[in-house]
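**Q** Next up is a structure, given as structure tokens.
Protein chains: 2
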Amino acid sequence: MLTNSERSLIRRPRFVLMAFVIDMSKSQRVFMRPIDVRSVRLEDDFWAPRLRTLWEVTLPSQLEIFEKTGRIENFRRAAGKASGHFQGLIFNDSDVYKWLEAVAYSYAYSGRHELMGMASSVIDEVVAAQDADGYLDTYFTGERKKDRWKNERDNHELYCAGHLIQAGIATKRAMGDTKLFNASRRFADLICDLFGPAKEKTVPGHPVTEMALVELYRETGEKRYLDQAQLFIDLRGRGIIGGSPYQLDHVPIRDMKEITGHAVRALYLMSGVADVYAETGDASLLSALSRLWEDLQKKTYVTGGVGSRYEWESIGEAYELPNARAYAETCAAIANVMWNHRMLLITGDEKYADAMELALYNGALSGISLDGLSYFYVNPLADRGKSRRQQWFDCACCPTNIIRLLAYLPSLFYGVSDRGIYVNLYGKSSSTISHAGRTVKVRQETDYPWDGRIRIEVDAQEPVSLHLRIPGWARSARISAEGKSLEGVPGTYAEIEVKDEAELDLPMPVEKLIANPRVLDDRGSVALKRGPLVYCVEHAGNDFDPWDLAISASDEFTAEDGVLKSMRIKVVRGNGAALRTAQWTYQRKEAGDVQRVPVNFTAVPYYAWANREPGPMIVWLLAR
Amino acid sequence: MLTNSERSLIRRPRFVLMAFVIDMSKSQRVFMRPIDVRSVRLEDDFWAPRLRTLWEVTLPSQLEIFEKTGRIENFRRAAGKASGHFQGLIFNDSDVYKWLEAVAYSYAYSGRHELMGMASSVIDEVVAAQDADGYLDTYFTGERKKDRWKNERDNHELYCAGHLIQAGIATKRAMGDTKLFNASRRFADLICDLFGPAKEKTVPGHPVTEMALVELYRETGEKRYLDQAQLFIDLRGRGIIGGSPYQLDHVPIRDMKEITGHAVRALYLMSGVADVYAETGDASLLSALSRLWEDLQKKTYVTGGVGSRYEWESIGEAYELPNARAYAETCAAIANVMWNHRMLLITGDEKYADAMELALYNGALSGISLDGLSYFYVNPLADRGKSRRQQWFDCACCPTNIIRLLAYLPSLFYGVSDRGIYVNLYGKSSSTISHAGRTVKVRQETDYPWDGRIRIEVDAQEPVSLHLRIPGWARSARISAEGKSLEGVPGTYAEIEVKDEAELDLPMPVEKLIANPRVLDDRGSVALKRGPLVYCVEHAGNDFDPWDLAISASDEFTAEDGVLKSMRIKVVRGNGAALRTAQWTYQRKEAGDVQRVPVNFTAVPYYAWANREPGPMIVWLLAR
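Each protein sequence line maps, in turn, to chains X and Z.
Per this note's numbering, residue 2 is the first one in the first sequence, and the count goes up by one each step.
Per this note's numbering, residue 2 is the first one in the second sequence, and the count goes up by one each step.
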């Protein structure tokens, strides 16, 4: 909750009219249009404190790390302002761009001028490093200038360009600063000149460029950027970048039957394809998107995490979901949010909101510590105590991705269409939504995600058509509005006309999930979930090894108020048995009586794990 | 079973007195000494037909592939008899050496002259490729001569040398041909000259050299070979080959707490350390071996397979044993047999015989098809039907390793010491064992591994002290000898004095194994095992998907006679339920009633899987 003095600190920059992350206001093939990041003001104690930590702790700390690790110095060096060698990994420029994007949306949302200050000086360093022809990549400068555009499969030039374009758009829309935007557009023009139709054929080795170019088209109205994004998508499957499933270059996208390869590449690519579809309406792309999305559900963890293999950070076979050896990169869960958000906007199908919410609250959010200073790259679903969030990584894609997601999170809450306002996410908040030529104030009064009761207050001249998301995880949903009461159908949007207020009640019992037996890794196990939150059992807070815990799937478990690192949460409590594993000589024995000790257990939300002392953790509990 | 005409074909070469694989006749620190491969004549219908297939089908077919793939041509080219480039992988010479070793022991055992003929012409090609200074590696010839000994971590020169030495010893002992032996010894001398004490320090990147040099010491009595092997072992952990756990070079062997790294490298190295211990009695080595062996048991599959990670073909964490994604390389299971055989010889501890038998009958034997013409490199414990044995691999270490194991398999059956004769493995056979200066004929009449009753007939001048292995898997063991009856203790050797005959009865119920809950991958599951054989359920022979099968751990299952590809086997039959998985939308649902269909299932021995039509297979069955 914000104090009054904090509230007074937060002003919205007056000159910015809109700060869209995805601006689909002119897109033809979308079911609902996204709102801008400034429309929603979160007032809850789940997200709002995380955003405050983002602005006050995380963003400044990352800039400090950028300086320490040479990421800013790389730009100075490329601009001729510093000497020495390029430092770090080939795609390190992208971290700076992603940070700028996060700072921009954070500024638009919070109005904190120090964010504007931080961004401006970095933007100056970036644009000074641009070549006369528009090229901008600090790795390929000086003696490496001759290596430009030599190996798009591996060299990440188009990847860095994509993030530059996204940062340019963000700083223009959210800060009103066109310096970076103009620079990024010049680079985009160079790319279109070099790799446009009838030019040299290439494909981004690591997608993101596709999304960025479509957004640049949306920002400028210039069709060459959309055409270039479409071309990058159409050229896949011709072996231009090696022809491997890892690169999603083995078959054309329209012919892909399964989603494969590097998880982040795959889901960024799908997001870009969705963006192209939104603008072109090419049905063959939507058909591929739907098919590949269905396939991905067989390859998605209960946390919304994706990418089960350490080898090549890749998506595995259907139902291949190892727990302790889960890779489930934070970036892949974030990409899962991105893709599902776009699918939701395009189709209006509630299932995409479910998948977006799941990844957001679990597999993505686990990527950052409660104090905003350390990060998971890999997100296992079971661990012996060795996995801990790190303050940084040489390959820092995840830390600089989670800040973007948090920064534009408010924009995910609603969508609008001619049919009305779509409530996609729940959380205590006050929003001002432009819709059908008028402005509607929508307030959510709720303790979501800890409680499923949501009161929605509307302040509008005439009744507003609200489409309330009834999550697929709900067993039932009671809606009361304007003196009437109706049952919502889980997995759909419930449409109601609201003049003043409506109430939605989503009961949140502790659910016990079991896995399809095809998921070998989850056999004979139960996962606990409450509302959108997946729970895990940590050694911290329990006096037994959670890997030895067996619970009965027929038992009922209760949610109780708790506190974790001074954050209010709900814990799940129940009875179980701790198996005595000492009796196993090695790892197997004849079936028969196994000694058990009755125990009470406490489970905490998965996103919050590894914020206390190290120890074993597990999501899928042995069912006895 | 051999027909009489086949029996007449099999003669033992008269001039070969002994064909030891491991000659510990002079080793000081061994509990029991190995016997030679000619001592045992298998007469069963489990192993004897596999050996016949080896001689008649597998060995000739591999030679044909060697010619097709340039493996022999590489030697001709190095000898100046052919032109062109080196073909294949850097360590391809080793395949030829391993094949020669297999042919040599097969010849000694079978007396089939065509084997001698095949070997002789290949030996001529090999020795002609040797340089004047003793160097012999066809990759590093011509323009690559300058690259010799530049990168022992990766270049496999000492690895190929090790296999050459083993082949040289084998052809000398088993065929009486010293041509290859002399060549290999010259190469060994060169290695000792280059890398001996006070010379340039190196360590074999891929172990095997250590075992080979100790055996060369045993063959020649020349201590420099033993010293060189010891030096290679002592130099580990100093970073000479990179210092990584993958290479087992991160700490000195005596300080290793866990067995890590590339599974085959690790277990070959341990076998070499055991060999050095057997000759030197260095207690610090035995202590390391024991400690690392204990650790390996937490990393070993129920099949005796080892090496759970695709990444780097490596051993994973304790209890990390994925089933569908098991790597469990055939070579690693074979290395597991090799290491355990040596540990058994050194210590006499029955637990090593258990581990050896387990890997032999399951994880190693699964590596070759019943027809002897195709091979598994990777041995999953669950599969959707895609894994099939292949006729060859570019990296052909497994096909050329399984032939060695089969060729010298008879030598694993017994050990001898001053205390008597140790019966390590069971199978219908007639053996002539030299022991304490006399020759004892031992006959096993049994249907092992299908039945646990073994009648042992002894033909000796005076009573023989027999040490009968009572396997750790046995629940009980009744021994009758000379009118007396006693209970054997599982996990020990039972000593009895036998003049004429003894009987051992090992009941073989179908055991239901459960896993330590720390093995996440096997939770809530049951594996079926009978005697030394692990069973699996294949789709072939069942009318449901075995991944959907749930069985009750309290049910009893029966073993019945069956036939698979005209091989007599015992199948395991029982009742279970096939879960209806269609009801899962994706891969998870709320716990509750799951629809089941009662089914009868048939399980087959794991070694025999994938010999029928492709389809899903699983070892760890879901327990309901």
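We put the CB at the ideal spot given by N, CA and C, even for glycine.
Which of the residues in the segment 246-265 of chain Z, read from start to end, lie with their CB under 9 Å from any CB of chain X?
**A** So nothing in the stretch comes that close.
**Q** Z:ASN601 by DSSP, collapsed to three states: which one?
**A** Z:ASN601: strand per DSSP, three-state reduction.
**Q** To the nearest whole angstrom, what separates the beta carbons of Z:ILE73 and Z:GLU126, a pair I think is in contact under 8 Å?
**A** That belief holds up - the Cβ atoms of Z:ILE73 and Z:GLU126 are roughly 6 Å apart, short of 8 Å.
**Q** How would you list, in chain order, the residues of chain Z whose beta-carbon sits under 7 Å from the beta-carbon of X:ALA360?
**A** Simply none; closest approach about 14 Å.
**Q** Can you list, in chain order, the residues of its chain with a C-beta nearer than 7 Å to that of X:GLY563? Leave out the 5 residues immediately preceding and following it.
**A** Cβ within range, chain order: ILE570, LYS571 and VAL572.
**Q** Have a look at the DSSP bridge pairing and note the partners of X:PRO518.
**A** In the DSSP output, where bridge partners are listed per residue, X:PRO518 has none listed.
**Q** What whole-angstrom Cβ distance do X:PHE233 and X:GLU216 have, given they're in contact under 8 Å?
**A** Actually they are not in contact, since the Cβ atoms of X:PHE233 and X:GLU216 sit about 14 Å apart, beyond 8 Å.
**Q** Rounded to a whole number of angstroms, what is the C-alpha to C-alpha distance between Z:MET19 and Z:ASP549?
**A** Straight-line Cα distance between these residues: approximately 53 Å.
**Q** By a C-beta neighbour count over all protein chains shown, 10 Å radius and 16 as the cutoff for buried, is Z:LEU43 buried or exposed?
**A** So Z:LEU43 counts as buried.
**Q** Hey, could you find the ends of the alpha helix (DSSP H) Z:ALA120 is sitting in?
**A** Counting along the chain, the alpha helix (DSSP H) containing Z:ALA120 begins and ends at 114-129.
**Q** On the CB-based measure, 16 or more other CB atoms within 10 Å of its CB, does X:PRO599 come out buried or exposed?
**A** Exposed: under 16 other Cβ atoms inside 10 Å.
**Q** Touch check for the segment 346-363 of chain X and the segment 349-356 of chain Z: three-plus C-beta pairs under 8 Å?
**A** Not touching, per the Cβ criterion.
**Q** Scan the segment 373-405 of chain Z for residues whose Cβ lies nearer than 8 Å to a Cβ of chain X and list them as they occur along the chain.
**A** Cβ contacts with chain X: ALA383 and ARG385.
**Q** According to a CB-to-CB cut-off of less than 9 Å, which residues of the segment 531-557 of chain X neighbour chain Z?
**A** Cβ contacts with chain Z come from ASP546, TRP548, ASP549, LEU550, ALA551, ALA554 and SER555.
**Q** Report yes or no: is there a C-beta of chain X within less than 7 Å of the C-beta of Z:ILE316?
**A** Chain X, which has no Cβ nearer than 7 Å to the Cβ of Z:ILE316, makes this no.
**Q** What does the Cβ neighbour count give for X:PRO508, buried or exposed, with the cut at 16 atoms within 10 Å?
**A** Its Cβ having fewer than 16 others within 10 Å, X:PRO508 is exposed.
**Q** Just the Cα atoms here: how many angstroms apart are Z:ARG186 and Z:GLY169?
**A** One C-alpha to the other measures close to 8 Å.
**Q** At what residues does the alpha helix (DSSP H) containing X:GLY163 begin and finish?
**A** Unbroken alpha helix (DSSP H) run through X:GLY163: 158-176.
**Q** For the putative contact between Z:GLY368 and Z:PHE377, defined by C-beta atoms under 8 Å, what is the C-beta separation to the nearest angstrom?
**A** Yes, Z:GLY368 and Z:PHE377 are in contact; Cβ-Cβ is about 5 Å, under 8 Å.
**Q** How is the beta strand (DSSP E) around Z:CYS396 delimited, first residue to last?
**A** Unbroken run through Z:CYS396: none, as it is neither H nor E.
**Q** For Z:ARG574, return the contacting residues in chain X, with the cut-off set at a CB-CB distance below 9 Å.
**A** Simply none; closest approach about 18 Å.
**Q** Would the beta-carbon of X:ALA383 fall within 7 Å of that of X:ILE552?
**A** Not closer than 7 Å, so no.
**Q** Roughly how many whole angstroms lie between the Cα atoms of X:ASP96 and X:PHE188?
**A** Approximately 18 Å, taken between the alpha carbons.
**Q** Please state whether DSSP places Z:GLU144 in a helix, a strand or coil.
**A** DSSP places Z:GLU144 in helix when its eight states are reduced to three.
**Q** According to DSSP, is Z:ARG420 part of a helix, a strand, or is it coil?
**A** Reduced to three states, the DSSP call for Z:ARG420 is coil.
**Q** X:GLU502 by DSSP, collapsed to three states: which one?
**A** X:GLU502: strand per DSSP, three-state reduction.
**Q** If you compare alpha carbons, which of Z:LEU580, Z:LYS224 and Z:PRO208 is closest to Z:ASP190?
**A** Considering only alpha carbons, the answer is Z:LYS224.
**Q** Would you please state the rounded distance, in angstroms, between the beta carbons of X:ILE260 and X:THR331? I believe it to be under 8 Å.
**A** The Cβ separation is near 19 Å, so there is no contact.
**Q** Using a Cβ-Cβ cut-off of 6 Å (strictly less than) and excluding sequence neighbours within five positions of Z:VAL252, which residues of its own chain qualify?
**A** Cβ neighbours of Z:VAL252 beyond the five flanking positions: GLY238.
**Q** For X:LYS99, count neighbouring C-beta atoms within 10 Å of its own C-beta (all shown protein chains included) and say buried if the count is 16 or more, exposed if not.
**A** By the 10 Å Cβ count, X:LYS99 comes out buried.
**Q** If you compare alpha carbons, which of Z:GLY71, Z:GLN392 and Z:MET271 is closest to Z:SER84?
**A** Cα-wise, what sits closest to Z:SER84 is Z:GLY71.
**Q** I'd like to know whether the C-beta of Z:ALA592 is nearer than 7 Å to at least one C-beta of chain X.
**A** Chain X contact via Cβ: present.
**Q** Do Z:GLU504 and Z:LYS530 have their C-beta atoms within less than 7 Å of each other?
**A** No, they are not a contact pair.
**Q** Which two residues bound the contiguous beta strand (DSSP E) that contains Z:ILE455?
**A** Segment 454-460, the beta strand (DSSP E) holding Z:ILE455.
**Q** Compare the C-alpha of Z:TYR449 against each of Z:TYR427, Z:LYS27, Z:ALA461 and Z:SER466 and name the closest.
**A** That would be Z:TYR427, whose Cα lies nearest to the Cα of Z:TYR449.
**Q** Along chain X, which residues have their Cβ under 8 Å away from the Cβ of Z:LYS173?
**A** By Cβ distance, chain X contributes nothing, its closest Cβ being about 40 Å from Z:LYS173, past 8 Å.
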